[in-house]
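Structure record follows, encoded as structure tokens.
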Amino acid sequence: MDPNKVFADERMFGFCINCEGLLETRDHVPSKVFLDELCPLNLPVVECGTKCKEGYSLDEEYLACFDRGFQPRT
Numbered sequence: 005m006d007p008n009k010v011f012a013d014e015r016m017f018g019f020c021i022n023c024e025g026l027l028e029t030r031d032h033v034p035s036k037v038f039l040d041e042l043c044p045l046n047l048p049v050v051e052c053g054t055k056c057k058e059g060y061s062l063d064e065e066y067l068a069c070f071d072r073g074f075q076p077r078t
């Protein structure tokens, strides 16, 4: 199975799916902050708007810290 297979058609290209702004940067899916230290090298990457990528960064960090607080201790 190809993790980078695109499941969208041409109607979904050309704008950010979150804010419908210009595609100015790229982001990993899922974000690296949600993965352990040894994350795969071939994570899928999507194009997105800079506003979205920067706007969601702190939310992703907060959620990752919150989630790790509920993991069992080893």
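Numbered according to the working numbering, the sequence shown spans residues 5 to 78. Glycine included, each C-beta is placed from N, C-alpha and C at the ideal position. Please read all numbers here as calculations on a predicted model, not as lab measurements.
Separation of residue j from residue i, as counted between CA atoms
{"i": "E65", "j": "E14", "result": "32 Å"}
{"i": "K9", "j": "D71", "result": "28 Å"}
{"i": "C20", "j": "E28", "result": "9 Å"}
{"i": "S61", "j": "D6", "result": "27 Å"}
{"i": "F17", "j": "L42", "result": "31 Å"}
{"i": "E24", "j": "V33", "result": "18 Å"}
Cutoff 6 Å; reference residue i; Cβ partners in own chain excluding five residues on either side
{"i": "R80", "result": "Summary: the structure shown does not reach residue 80, with the chain confined to residues 5 through 78, and so no result is reported for it."}
{"i": "C56", "result": "C20, N22, C23"}
{"i": "D40", "result": "none"}
Own chain partners of residue i with C-beta closer than 8 Å, once the 5 adjacent residues on each side are dropped
{"i": "V37", "result": "E64, E65, A68"}
{"i": "L26", "result": "F19, C20, G53"}
What residue ranges within the region 22-67 form continuous beta strand (DSSP E) runs of no fewer than 3 residues, ordered along the chain? 29-32, 49-52
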